[in-house]
Amino acid sequence: MSKLNKVVIIVSKIAEVFCWIACAFMIAMIAVTAAGRPNLLDYLSDVRDSSVLSNGGFELVLGDMAPGQTGSAYILFFITVLITSALMALIFRNVYLSFKTAEGKTKFASGKTPFQPSIVSMIRKIGILSIAIPVVEIIMTIIARIVLGDAGIESSLNMNGILIGIVVLCLSQFFAYGTQLQEDNDGLV
Numbered sequence: 230m231s232k233l234n235k236v237v238i239i240v241s242k243i244a245e246v247f248c249w250i251a252c253a254f255m256i257a258m259i260a261v262t263a264a265g266r267p268n269l270l271d272y273l274s275d276v277r278d279s280s281v282l283s284n285g286g287f288e289l290v291l292g293d294m295a296p297g298q299t300g301s302a303y304i305l306f307f308i309t310v311l312i313t314s315a316l317m318a319l320i321f322r323n324v325y326l327s328f329k330t331a332e333g334k335t336k337f338a339s340g341k342t343p344f345q346p347s348i349v350s351m352i353r354k355i356g357i358l359s360i361a362i363p364v365v366e367i368i369m370t371i372i373a374r375i376v377l378g379d380a381g382i383e384s385s386l387n388m389n390g391i392l393i394g395i396v397v398l399c400l401s402q403f404f405a406y407g408t409q410l411q412e413d414n415d416g417l418v
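Letter by letter, the sequence shown follows residues 230 to 418 in my numbering.
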């Protein structure tokens with residue numbers, strides 16, 4: 230195994246763990262805010278009423294909102310971060326598993342080759358999850374506009390996730406073709 234593969238395996242597992250920790254933290258923040266204690270957030274960060282909460286293409290400007298909407302804005306923001314962190318964790322998990330499967334070190338590995346149906350499936354999942362992140366941000370922007378009104382809500386379409394997802398989906402087609410060639414080659418031998 231090359232040093233680059235080892236680095237990717239280690240970094241992807243660390244990133245996955247950090248994303249799951251972020252999910253747990255967001256669940257705790259949702260609970261704190263839903264319990265009517267949004268002022269406790271001031272102790273955790275330098276968030277004030279004139280601050281901006283931003284996650285990719287989803288942005289809330291707290292100073293522009295009507296009084297009493299701050300708690301709802303925090304909850305919507307934390308839900309958005311929770312969902313996107315979970316999607317990122319799943320992306321890193323699939324990266325980790327695809328490299329381990331290519332080494333033949335998972336229960337669903339069929340040899341030491343990157344051209345396996347399970348790896349094709351994992352690569353497709355990475356592409357779909359990459360596209361899902363900006364879609365979630367758009368959906369949460371729409372929900373925020375319904376719940377909070379238009380004041381203080383900014384949105385933009387983050388094309389990076391969509392473009393990366395499309396490229397990864399294209400790569401999965403190449404891996405599917407490689408898998409088919411490998412199966413045909415193994416059938417001839």
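Where is the CB? At the ideal position from N, CA and C, for every residue including glycine.
If you check the CB distance, Ser-359 and Gly-390 come in under 8 Å. Bridge pairing for Ile-382: Leu-289 [DSSP]. Rounded to whole angstroms, the gap between the alpha carbons of Ile-256 and Ile-308 is 8 Å. In the three-state reduction of the DSSP assignment, Ser-401 falls in the helix class. Residue range 346-377 is occupied by the alpha helix (DSSP H) that includes Ser-350. In this structure, Tyr-303 lies away from Thr-370, with their beta-carbon atoms at least 8 Å apart. Annotated three-state conformation of Asn-234 is helix, per DSSP. For Asn-284, the uninterrupted beta strand (DSSP E) segment begins and ends at 281-284. In this chain, the alpha helix (DSSP H) harbouring Met-317 covers 299-331. Proximity to Leu-311 across Phe-254, Pro-346, Gly-265 peaks at Phe-254, based on C-alpha coordinates. The shortest C-alpha to C-alpha distance from Met-388 to any of Val-324, Val-365, Ser-327 is the one to Val-365.
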